[in-house]
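Visitor:
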Amino acid sequence: HLPRASLLLPALEAALGNCSAGAEGGVVQPLRTVLAVPGHGGYLGVMPAYSAADDALTTKLVTFYEHLKDSSAPSHQATVLLFDPRDGTLRAVLDGSVITAKRTAAVSAIATKLLMPAFAEVLCILGAGVQAYSHYEIFTELFPFKEVMDTSSQHTIIALFTMATTPILAGDWVKPGAHINAIGASRPDWRELDDDLMKNCFLFVDSREAALTESGDVILSGAEIFAELGEVLKGTKPALPEKTTVFKSLGMAIEDAVAAKFVYDAWSAG
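In this note's numbering, each residue carries its 1-based index in the sequence shown increased by 499.
1) With three or more beta-carbon pairs closer than 8 Å as the criterion, would you say the region 659 to 671 touches the region 679 to 694?
2) Does the Cβ of residue 713 have 16 or more other Cβ atoms within 10 Å, making it buried, or fewer, making it exposed?
3) For residue 722, is the classification buried or exposed, using 16 other Cβ atoms within 10 angstroms of its Cβ as the cut-off for buried?
4) Starting from residue 761, follow the alpha helix (DSSP H) in both directions and report where the run begins and ends.
5) Please work out which residues of its chain come closer than 6 Å, Cβ to Cβ, to residue 532, disregarding the five sequence neighbours upstream and downstream, and give them in chain order.
6) Please report the straight-line C-alpha distance between residue 678 and residue 617, rounded to a whole angstrom.
7) Examine chain D for any beta-carbon lying closer than 8 Å to the beta-carbon of residue 762, and answer yes or no.
8) Pairs of beta-carbons, one from the region 592 to 606 and one from the region 745 to 753, closer than 8 Å: are there three or more?
9) For the structure I just gave you, are there three or more beta carbon pairs, one from the region 694 to 712 and one from the region 574 to 585, closer than 8 Å?
10) Is residue 576 a contact residue of the ligand PLP, with contact defined as CB to any heavy atom under 7 Å?
11) Buried or exposed for residue 550, please, with buried defined as at least 16 other CB atoms from any protein chain shown within 10 angstroms of its CB.
12) Please state whether the Cβ-Cβ distance between residue 763 and residue 590 is less than 8 Å.
13) So the alpha helix (DSSP H) residue 596 belongs to, where does it begin and stop?
14) Alpha carbon to alpha carbon, how far is residue 507 from residue 527?
15) Suppose you measure from the CA of residue 760 to the CA of residue 671; what does that come to, to the nearest Å?
16) Is it right to say residue 536 is buried, meaning 16 or more other beta carbons lie within 10 angstroms of its own, or is it exposed?
17) How would you label residue 693, buried or exposed, when you count the other beta carbons within 10 angstroms and need 16 or more for buried?
18) State the beta-bridge partners of residue 678 as determined by DSSP.
19) Give the list of continuous beta strand (DSSP E) stretches no shorter than 3 residues that lie fully inside the region 686 to 712.
20) Cα separation between residue 555 and residue 581?
21) Assuming residue 530 and residue 708 make a contact with CB atoms under 8 Å, what is their CB distance in whole Å?
22) My output table needs one value for residue 522: the three-state DSSP class, helix, strand or coil.
23) Going by beta carbon distance, what residues of the same chain come within less than 8 Å of residue 724, once the five residues before and after it are set aside?
24) Assuming residue 636 and residue 765 form a contact by the criterion Cβ under 8 Å, report the distance between their Cβ atoms to the nearest whole angstrom.
25) Just to check my reading of the structure: residue 520 and residue 552 have Cβ atoms closer than 8 Å, yes? What is that Cβ distance to the nearest angstrom?
26) Helix, strand or coil for residue 576, going by three-state DSSP, please let me know.
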């Protein structure tokens, strides 16, 4: 059980910094393997990771399906396997859907804390479902927004989590100096943000390698990546909260690893 995503912030900040530190950070994390399910509009992702700092070894199995109609099944489902890194013994099988929702929202909150403008008062949420709820929950806990809306014009913090395949947010709709968290469009041919926005922002990502391989927003726009979030946390790149910023979140296996270890350790401690 993970009552609040904000409990994950210290562990995730450390993990993001370690991930951006290269080999000395002790993070082993290949790109996720994604298997298409022909004829069903579905995908199966496999996401293994090891964190030396946390001594956490996990893999996540996640399915995601496009445009499910009249189905009781959610679009995304996941399971996280936590292993003992000393001998490979399976320690726990965890609800990966909860872990994914909580850690994704927590990483967006970290990005927002670093990149949001000082005058941010209005949060715009574009999308629905589990991610919308988890982001609303942590954002209203951590930030003193005066208003939460579902339209983007002139708002200073925007969060998107959709299954869009073509852009739904245009640069000329965005207030200069705004910060955008883009969580959806996780395939190389899917888009949430248009070229105008992507090419006229400072672009932050969780992983350069993943963004250049998996993100249609990055690949198809040709936008230049300014920094990984871990580089900002380590102090090797500036945050630039006075600029228009986009955090393109693809989600990393190391985030699942430290979140699963946190939940397991809390459960083990009683």
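A virtual CB, placed ideally from N, CA and C, is assigned to each residue, including glycine.
Guide: For this structure:
1) Counting Cβ pairs under 8 Å, three or more are found: they touch.
2) buried
3) buried
4) If you look at residue 761, you'll find it in the alpha helix (DSSP H) that goes 752 to 767.
5) Exclusion of the five residues before and after residue 532 leaves 545 as the residues of its chain whose Cβ lies within less than 6 Å of its Cβ.
6) 11 Å
7) No chain D appears in this structure, which consists of one protein chain only.
8) yes
9) no
10) Inclusion of the ligand PLP in the displayed structure is not the case, the ligand content being empty and no account of it being possible.
11) buried
12) Yes; because the gap between Cβ atoms is below 8 Å, this pair is in contact.
13) Element bounds for residue 596: 595 to 614.
14) The alpha-carbon separation between residue 507 and residue 527 amounts to approximately 20 Å.
15) 42 Å
16) By the Cβ neighbour-count rule, residue 536 is exposed, with fewer than 16 other Cβ atoms within 10 Å of its own.
17) That one is buried.
18) 656, 744
19) 701 to 704
20) A straight-line Cα-Cα distance of about 8 Å links residue 555 and residue 581.
21) 6 Å
22) DSSP, reduced to helix, strand and coil, places residue 522 within a helical segment of the structure shown.
23) 702, 703, 704, 707, 710, 711, 717
24) The pair is not a contact, with the Cβ atoms about 18 Å apart (cut-off 8 Å).
25) Here residue 520 is actually not in contact with residue 552; their C-beta atoms are around 10 Å apart, not less than 8 Å.
26) Correct three-state label for residue 576: strand.
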